[in-house]
Amino acid sequence: MRVICTGISGTDRLDWLRQVVALACARGNAVALYDVKETMFDIARAVGEPVEEETILDMFPRALVLLRAAALEQICSAIQSDPDRDWILNTHAVFRWKNTLISGFDPHYLTRLNPDLFVTVTCGVKSSVARLANQARWSHLSEEEVLIWREEEQFFTEEMARIHRKPQVLLPRPMSAESGYRLFFDPRATRAYLSYPMQHVAPGVERGLEEFKRRLDESAIVFDPGDVNDVQQLELAPAGNQTERSDGGSVLDSEPDGTRRGPLLQHVADQIVQRDYKLIAQSDFVVVYYDVSVPSPGVISEMKFALESGKRVYGVWLPPNEPSVFFTRYCSLWFRSTDALLAQLSADLQMAGQQDATIPVRQ
0 MRVICTGISG TDRLDWLRQV VALACARGNA VALYDVKETM FDIARAVGEP VEEETILDMF
60 PRALVLLRAA ALEQICSAIQ SDPDRDWILN THAVFRWKNT LISGFDPHYL TRLNPDLFVT
120 VTCGVKSSVA RLANQARWSH LSEEEVLIWR EEEQFFTEEM ARIHRKPQVL LPRPMSAESG
180 YRLFFDPRAT RAYLSYPMQH VAPGVERGLE EFKRRLDESA IVFDPGDVND VQQLELAPAG
240 NQTERSDGGS VLDSEPDGTR RGPLLQHVAD QIVQRDYKLI AQSDFVVVYY DVSVPSPGVI
300 SEMKFALESG KRVYGVWLPP NEPSVFFTRY CSLWFRSTDA LLAQLSADLQ MAGQQDATIP
360 VRQ
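Pasting the structure below:
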């Protein structure tokens, strides 16, 4: 598998990729990991013109393009010298720098690289901002700016993949290295989106969700929307009228508390919906874990989107009362216990594997 991996700064993706590569090598798959930034720095030092982390994006634009081209030439040559070896290339798609966009990659090299898969690593905006605060050149970024950069990074990666007719996958952190290894190097691995209510759940109460996710992970790569912790930002934010300025302060809207979200929180909310639909679209099926009696519009919307996108939806309804008619309407199959759901899923996956086909949809 040949993979190009992108993501904004603050996602900790390089360390994660190193874990994936170490796991692959331990299992007998000698995977090469290339990092565009590190290669650029190595070349600059080798010619006696070292560049600094904090100032590299302030270089004369043509010099920056040439340095990146030299790095990609070196990487392409290394790949072509061992064409049968799997590799992962870590890069940025785009930088947001001083209110302008700077390319992080030269699409000219995509034809030579000919990747099999594009991957974008993403994580919650709060987590990203906390990591970026420890990096001098990014410590000034507001949450709004990080949200925009995160969206641009994903969009430009998707466009590169679309132009070259290659798949693109969005990976939420903290996805495990094991799941990353299966996604990259196990062509038989199936992908599941795990949908569940995130509101009306008492904090600290053991709901069995983590154990269910662990068991589901034995059968499929699990995309968990909770891994991108933006929902917590909506839950913890004061209702209504506070929003962040670009300088990190706050301004007050004219409307009273509780009437509507501020622009920053609405931006977060819009990205949550779009991202979750993206995770569903890249999954083979959806599994719904419903353990509260209160209706969840978000879960029902995800079920409807999945079913109308041709995805199979497995649901488990755990409350003692009868399930909502909307819950049953948008399930392909639903169950009263997690054991029953997982047993049916295992049987369907086994059948699909024997037939070399997708999971059957029963009428």
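Per numbering that gives the first Met the number 0, the sequence shown starts with residue 0, numbered consecutively.
We put the beta carbon where it would ideally sit given N, CA and C, even for glycine.
If you drop the 5 nearest sequence neighbours on each side, which residues of the same chain put their C-beta closer than 6 Å to that of P166? Taken in chain order, the residues that qualify are L116.
Please return the same chain residues whose Cβ sits closer than 6 Å to the Cβ of A188, not counting the five positions on each side in sequence. Counting only Cβ-Cβ distances below 6 Å, and skipping sequence neighbours, we find R181, I220.
In this structure, what does DSSP give as the bridge partners for P296? Looking at the DSSP assignment, P296 forms no beta bridge with any residue, so it has no partner.
Would I101 pass as a contact of L63 if the rule is Cβ separation under 9 Å? Annotated as proximal: I101 and L63, with beta-carbon spacing under 9 Å.
Sort P322, A160, V124, P262 by Cα distance to Y108 and report the nearest one. Answer by Cα proximity: A160.
Test item: CB-CB of F211 and T5 under 9 Å: Taking 9 Å as the Cβ cut-off, F211 and T5 do not qualify as a contacting pair.
For Q362, collect the residues of the same chain with a Cβ closer than 7 Å to its Cβ; drop the 5 residues on either side in sequence, then sort them by chain order. Residue placement at Q362 is flagged as unreliable, the pLDDT there being 29, under the threshold of 50; the coordinate-derived value follows with that caveat. For Q362, where only same-chain residues beyond five positions count, there are no Cβ hits under 7 Å.
Could you tell me how far apart the beta carbons of A176 and W15 are, in whole angstroms, since I believe they sit closer than 8 Å? 7 Å between Cβ atoms; contact.
Between R95 and W148, which are expected to be in contact by the criterion C-beta below 8 Å, what is the C-beta distance as a whole number of angstroms? Going by Cβ atoms, the distance from R95 to W148 rounds to 4 Å, so yes, they are a contact pair.
Member of S323, Y313, L263 whose CA lies at the smallest distance from the CA of F334: It is Y313 whose Cα lies nearest to the Cα of F334.
Does the pairing of the segment 25-32 with the segment 84-91 give three or more beta-carbon distances under 8 Å? Cβ pair count under 8 Å is three or more, so yes.
Buried or exposed for H199, going by 16 or more other Cβ atoms inside 10 Å? Classification for H199: exposed.
State the DSSP-derived secondary structure class of Q73, mapped to helix, strand or coil. Q73 sits in a helix when the DSSP states are folded into three classes.
Simplified DSSP assignment, three categories, for D85: D85 falls in the coil class under three-state DSSP.
Which word fits A129, buried or exposed, when buried means at least 16 other C-beta atoms lie within 10 angstroms of its C-beta? Around the beta carbon of A129, a 10 Å sphere encloses fewer than 16 other beta carbons of the protein chains shown; the residue is thus reported as exposed.
Under the assumption that Y288 contacts Y192 (Cβ atoms under 8 Å), give the Cβ distance between them as a whole number of angstroms. Contact flag wrong, Cβ pair sits at about 11 Å.
Can the beta-carbon of V19 be found less than 9 Å from the beta-carbon of F183? Taking 9 Å as the cut-off, the beta carbon of V19 is found closer than this to the beta carbon of F183.
Identify every run of the beta strand (DSSP E) within the segment 5-56, keeping only runs that are complete inside it and at least 3 residues long; order them along the chain. Taking only runs of at least 3 residues, the beta strand (DSSP E) segments lying wholly in the segment 5-56 are 31-34.
At what residues does the beta strand (DSSP E) containing F184 begin and finish? Not the beta strand (DSSP E): F184 falls in the alpha helix (DSSP H), residues 176-184.
How would you call T337, buried or exposed, if buried means at least 16 neighbouring beta carbons within 10 angstroms? Around the beta carbon of T337, 16 or more other beta carbons sit within 10 angstroms, so the residue counts as buried.
Which partner residues of R67 appear in the DSSP bridge assignment? Beta-bridge analysis with DSSP links R67 to no other residue.
Where the beta strand (DSSP E) containing L100 begins and where it ends: Start and end: 99-102.
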